[in-house]
Amino acid sequence: MENVFNFFNIDSKIPFSWQSVGDIGRGRSNLGEDMPVLVYRLMQFAILDVLVCEFGKTKANDYFRKAGFLAGAEFAKNMLDLGKDFDGFISNLQEALRMLKIGILRVECYSPEDGGIILTVAEDLDCSGLPVTNESVCAYGEGFISGILEAYTGKKYNVRETDCWATGDRVCRFKAAPATS
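Encoded structure:
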């Protein structure tokens, strides 16, 4: 049993990496790599509920944001061409998110002077179709975007969701700005 836990980096000093995901195609030769969003959300919201009960909503969202950051950074390093100019990078990111059915990305505003970005993600995995609760729920998405942007720019980014399906909007809107020390 100890080997299984080491593989998943539980109680180990080995950080999460792309290799932690494994060879899904090989392991799911009959079922394939796709699964319904329902299954993803069952896992996501069950884990979030446990974290909220154990640590409170703020800390649970912090953990989800950190997990999203790790996933976003690894996603960028392994799925995107980080050597492209900004427009090429965004185009590559849009295609990757669409191809993997993560969401439909649009950049609303980009400031080359300060690196600030406002972007939307429609039909996203985390919340599209949820009932309106007047509460933003995409902390994982904030971290995911932050990880992608840091992997591309080499700068830390603060990313916050300003609009969410769960607050009554029909896209998730994120404001991203380079972190100030």
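Using the working numbering, read the sequence shown as starting at 714 and increasing by one per residue.
We put the CB at the ideal spot given by N, CA and C, even for glycine.
| Item | Value |
| --- | --- |
| Selected residue, minimal CA-CA separation from Glu863, among Gly738, Phe777 and Phe788 | Phe788 |
| Closest Cα partner of Lys868 within the set Asn743, Glu808, Glu746 and Thr893 | Thr893 |
| Best match in Asp736, Ala786, Pro891 and Cys885 for proximity to Asp837 [C-alpha to C-alpha] | Cys885 |
| Residue(s) in a DSSP beta bridge with Phe887 | Leu832 and Glu874 |
| Cβ neighbour criterion (16 or more within 10 Å) applied to Leu761 | buried |
| Span of the beta strand (DSSP E), counted from its first residue to its last, around Cys822 | Ile817 to Tyr823 |
| Extent of the continuous alpha helix (DSSP H) to which Arg741 belongs | That residue, Arg741, is in no alpha helix (DSSP H); it is neither H nor E in DSSP. |
| Segment contact flag, the region 870–882 with the region 837–856, C-beta cutoff 8 Å, min 3 pairs | yes |
| With 16 other Cβ atoms within 10 Å as the buried cut-off, status of Glu855 | buried |
| Contact check, Gly829 vs Ala890, beta carbons under 9 Å | yes |
| Burial state of Arg811 (16 or more Cβ within 10 Å) | exposed |
| Opening and closing residue of the alpha helix (DSSP H) in which Lys790 lies | Lys770 to Met792 |
| Segment limits, alpha helix (DSSP H) that includes Ala852 | Ala852 to Thr866 |
| Close Cβ partners of Lys797 (< 7 Å) along its chain, the five nearest in sequence each way excluded | Asn805 |
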